[in-house]
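One structure is given here, and the rest of the page talks about it.
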Amino acid sequence: RNRAGIRQSPRTIWATDCRFPIGAAKTCLDAARDHQGATVGIASHAHDRGWLRANCADFAGQTQQRVGSARSAQISLAKRNNVWMALRCARKARDILGAAGITDRYSVIRHLMNLESVSTYEGTHDIHTLIVGRDITGISAFGG
């Protein structure tokens, strides 16, 4: 029985903490795109004028990772950036969907709530900022 505890392998950390936000962001993007394509009226005009494409540009990005070669600060940076990016994408998708963005018709609100809970529970952005800062400056904010 493997008891990795808090010192998880880089492969496990990458799979759970770094890929989850990217998957959530992609699902939110797909929902926003599908909704925009199905609506009529002003939303269709906004779609035609590139409004959706401009918002989708915020979602774009590729992440590459060599498993086993990352330092803890690099993993913290990836977790910090991925959760932040996914939150922005989910919030933007909710905005694009309008009232439908807070219903269970699309999975956007579910992903948004999951990401908010990760951010709140783990303090993802702030804690990982401190970890990366320690790696850059050599000064620990944790008193050790």
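In the working numbering, the protein residues as written are 471 to 614.
The C-beta atom is built at its ideal place from N, Cα and C for all residues, glycine as well.
Note that the C-beta distance between leucine 567 and valine 553 is not below 9 Å.
Just so you know, the alpha carbons of serine 610 and arginine 604 end up roughly 5 Å apart. By alpha-carbon distance to threonine 594, the top candidate from Ser546, Asp565, Ala570 is Ser546. Put simply, the backbone Cα of leucine 557 is about 9 Å away from that of histidine 581. A residue is called buried when at least 16 other Cβ atoms come within 10 angstroms of its Cβ; threonine 607 does not meet this threshold and is exposed. Taken through DSSP and simplified to helix, strand or coil, alanine 611 comes out as coil.
The criterion of a C-beta distance shorter than 9 Å is satisfied by threonine 599 and arginine 550. When the Cα atoms are used, leucine 499 and glutamate 586 turn out to be separated by approximately 17 Å. For aspartate 565, the enclosing alpha helix (DSSP H) starts and ends at 542-567.
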